[in-house]
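Note that the UniProt record's numbering gives residue 7 to position 7 of the sequence shown, counting from 1, and the numbers run on in steps of one. Just so it is clear, CB atoms sit at the ideal spot from N, CA and C, and this is done for glycine as well. Please read these numbers as outputs of a predicted model, since none were measured by experiment.
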Amino acid sequence: MFFCGDVAESESGASRRSGHRRADSFDLRAAVNLPELTNRRTQEDVRRLVYRFKQRIEDVPGARERLLHFWRDADFQESVLASLAHDIPRDGDPLATGPQETSGERRNRGSSSRRRKFQDRSFGDCVLWLGLVNRHNRYAAIELKLPETFDPWVTYVNRLMVYLFAEIPGYRGPDDFHRLCAVSMNEPFPMKCHNPGHIDFQPRNSPQSSDSDTDDTDEDED
1 MFFCGDVAES
11 ESGASRRSGH
21 RRADSFDLRA
31 AVNLPELTNR
41 RTQEDVRRLV
51 YRFKQRIEDV
61 PGARERLLHF
71 WRDADFQESV
81 LASLAHDIPR
91 DGDPLATGPQ
101 ETSGERRNRG
111 SSSRRRKFQD
121 RSFGDCVLWL
131 GLVNRHNRYA
141 AIELKLPETF
151 DPWVTYVNRL
161 MVYLFAEIPG
171 YRGPDDFHRL
181 CAVSMNEPFP
191 MKCHNPGHID
201 FQPRNSPQSS
211 DSDTDDTDED
221 ED
């Protein structure tokens, strides 16, 4: 469902295993953005972020069911969330949110506004990814394990973020993911900042974009 193809180590995460990098894979344009080694999360930092992830999953309608669909075992859930947290910088907060209405206020808006909820939510800035990237399009990628499988499972990080943490009105099962989020299978969500090495959990292209505010869409058509 989320496979993203060949992956390579990102320039941002090069400090972890710099001795294994080949000279021809170094991108000078990215060198100015190399983070300090101390910007990597400690085990305690990872645990704290995993706790925040769990809180978000409990707070978002349907998120826990989506997590359980692929990872029913608590140890697998912990492993997935820890793998995600490991390559997020210490100074980055992927769940940062701006002012937003409560769930009760959203319900009072009525069914006529349901289609706009996904697009109207206000989130914080995206954050840099220090882990793997797709070799071809340089989008952030992550390698995970699925229960009862032997081969690693590789997906785009922003797809995983949306799947785990975003509100997806009308979602009833994995088959609804691509339809409701308006993204093709095996494709990443385009980043609003246009940097494929960044991640967040708000899909840029959603089915609601056609009837939402046009500020971000008028100039986005290629």
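Pull up the distance between the alpha-carbon of residue i and that of residue j, whole angstroms please.
| i | j | result |
| --- | --- | --- |
| arginine 56 | leucine 81 | 12 Å |
| asparagine 134 | valine 157 | 10 Å |
| histidine 198 | glutamate 148 | 31 Å |
| histidine 194 | cysteine 126 | 11 Å |
| proline 89 | leucine 132 | 14 Å |
| arginine 159 | arginine 41 | 22 Å |
| asparagine 39 | valine 46 | 12 Å |
| aspartate 93 | glutamate 58 | 18 Å |
| histidine 136 | asparagine 186 | 13 Å |
| histidine 69 | aspartate 91 | 31 Å |
| residue 224 | glutamate 44 | There is no way to answer for residue 224, as the model of the chain reaches only from 1 to 222. |
| glutamate 167 | alanine 182 | 14 Å |
| asparagine 33 | phenylalanine 177 | For asparagine 33, the pLDDT reaches just 43, beneath the cut-off of 50, and the residue's location in the model is therefore unreliable, although a value from the coordinates is still provided. Between asparagine 33 and phenylalanine 177, the C-alpha separation is close to 33 Å. |
| alanine 63 | glutamine 202 | 14 Å |
| proline 196 | arginine 72 | 30 Å |
| proline 188 | lysine 54 | 23 Å |
| methionine 191 | aspartate 200 | 8 Å |
| residue 225 | leucine 144 | Absent from the model: residue 225. The displayed extent of the chain is 1 to 222, so no value can be given. |
| aspartate 87 | serine 184 | 25 Å |
| leucine 128 | phenylalanine 76 | 25 Å |
Out of the options, point me to the one whose CA is closest to residue i's CA.
| i | options | result |
| --- | --- | --- |
| alanine 74 | Arg172, Tyr163 and Leu146 | Leu146 |
| arginine 66 | Asp200, Asn195 and Pro169 | Pro169 |
| valine 154 | Tyr171, Arg90, Tyr139 and Ala182 | Tyr139 |
| proline 152 | Ala141, Asp175, Val162 and Arg40 | Ala141 |
| leucine 180 | Tyr171, Asn186, Glu187 and Pro188 | Tyr171 |
| leucine 95 | Phe177, Val162, Asn186 and Glu187 | Val162 |
| arginine 48 | Glu143, Glu78 and Asn195 | Glu78 |
| leucine 84 | Gly62, Gly173 and Arg52 | Arg52 |
| valine 50 | Leu164, Ala182 and Met191 | Leu164 |
In or out: residue i buried (at least 16 other Cβ within 10 Å) or exposed?
| i | result |
| --- | --- |
| phenylalanine 150 | exposed |
| residue 250 | In the structure as shown, the chain begins at 1 and stops at 222. Residue 250 is therefore absent and cannot be evaluated. |
Mind checking who residue i pairs with in its DSSP beta bridge?
| i | result |
| --- | --- |
| valine 127 | Ile199 |
| alanine 140 | Val133 |
(request) Let me know the alpha helix (DSSP H) ranges lying completely inside the region 143 to 210, each 4 residues or longer, listed in chain order. (result) 157 to 165 and 175 to 181
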